[in-house]
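Peer 1:
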Amino acid sequence: MATATAKAVQPLHFDLPQLPFAEDALEPVISAETIALHHGKHHKKYIDTMNELLQKEHVQGRTLEDVVRAATGKLFNNAAQAWNHDFYWHSLSPKSSQPGAALRTRLERDFGSYEKFVAKFAAAADGQFGSGWAWLVDKEGKLQVVATANADTPMAHRVRCLLAIDVWEHAYYVDYRNKREEYVQAVIEKRLNWEFAEKNLA
Ligand SMILES: [Fe+2]
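Residue numbers (my numbering): 1 to 202.
#1: When you compare each of L19, P11, E27 and H38 to L64 by their alpha carbons, which one comes out closest?
#2: Using 8 angstroms as the Cβ pair cut-off and three pairs as the minimum, do the segment 35–54 and the segment 14–27 touch?
#3: What's the call for H58, buried or exposed, on a 16-neighbour Cβ count within 10 Å?
#4: Bridge partners of W135, per DSSP?
#5: Which full runs of the beta strand (DSSP E) of 3+ residues lie inside the segment 62–139, going along the chain?
#6: Check whether the Cβ of D166 lies closer than 6 angstroms to any heavy atom of ligand 3, and answer yes or no.
#7: Label R109 either buried or exposed according to how many other C-beta atoms from any shown protein chain fall within 10 Å of its C-beta, with 16 as the threshold for buried.
#8: At which residues does the alpha helix (DSSP H) containing L201 begin and terminate?
#9: CB-CB under 6 angstroms to A125, same chain, minus the five flanking residues each way: which ones, in chain order?
#10: Using CA atoms only, rank isn't needed, just tell me which of Y46, H85 and E182 is closest to C161.
#11: According to DSSP, is V174 helix, strand or coil?
#12: F21 and H90 - do their beta-carbons sit closer together than 7 angstroms?
#13: Looking at the unbroken alpha helix (DSSP H) that takes in K44, where does it start and where does it end?
#14: Hey, out of P94, G127 and D48, whose CA is closest to L26's CA?
#15: Can you check which of these residues, R191, I188, V187 and H170, is closest to E33 by C-alpha distance?
#16: Can at least three beta-carbon pairs, one atom from the segment 42–51 and one from the segment 104–121, be found at a separation below 8 angstroms?
#17: Taking buried to mean at least 16 other C-beta atoms within 10 Å of its own C-beta, is A6 buried or exposed?
#18: In whole angstroms, what separates the C-alpha of R177 from that of V9?
#19: Classify R69: buried if its beta carbon has 16 or more other beta carbons within 10 angstroms, exposed otherwise.
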């Protein structure tokens with residue numbers, strides 16, 4: 001049996017998390033083909049590369065969040081993408097839903113109306129130049145929409161994330177080609193997981 005000391009020097013290792021829904025569950029907004037590639041190839045590659053780097057690079061902590069917050073360079077990019085993708089899968093729902101009363105009140109308070117929030121979220125996602133993410137976050141008690149480039153994530157900066165939309169081309173190119181706006185609009189209208197957002201806010 002390994003001692004506590006021996007265990008402590010074992011490299012960290014993370015498994016590819018399972019999707020919280022079937023690959024075809026988001027159709028017709030996001031196809032099974034996109035989800036299979038996005039989860040089975042892209043998300044898996046980030047996890048595999050992170051695990052390889054963790055064989056050589058020691059970081060403080062035990063969780064994926066710890067790794068993201070401690071890492072720099074290539075390890076940061078892969079660990080952050082590993083975390084972002086798991087968060088993105090949970091930000092999506094096979095069912096169309098609307099924010100519950102408490103969250104809707106917060107959206108109205110901080111954006112003016114639900115419709116203004118939608119417009120701002122879509123603009124952040126559409127306007128992110130190149131690869132990145134759009135987020136609904138709770139920053140110092142105020143809901144805000146932010147965009148991040150490449151692998152960057154508000155979580156790394158200790159900002160509480162409520163929802164994410166992946167705007168890397170691999171997220172939409174099979175289904176929407178270059179029409180990122182159509183993908184973003186369809187996801188916001190039909191596939192956001194408001195229960196997940198509420199859980200993150202609690
Ligand atoms: Fe992605």
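Glycine included, C-beta positions come from ideal geometry on N, C-alpha and C. A quick note: this is a predicted structure, and the numbers were derived from the prediction, not measured.
Peer 2: This is what the structure gives:
#1: P11
#2: yes
#3: exposed
#4: V146 and A164
#5: 132–139
#6: Among the ligands in the structure shown, ligand 3 does not appear; only ligand 1 can be found there.
#7: exposed
#8: W194 to L201
#9: A134, I165, V167 and V184
#10: H85
#11: helix
#12: no
#13: K44 to K56
#14: P94
#15: H170
#16: no
#17: In this prediction, A6 has a pLDDT of 47, which is less than 50 and means its spatial position is unreliable; what the coordinates show is noted afterwards. A6 comes out exposed.
#18: 46 angstroms
#19: buried
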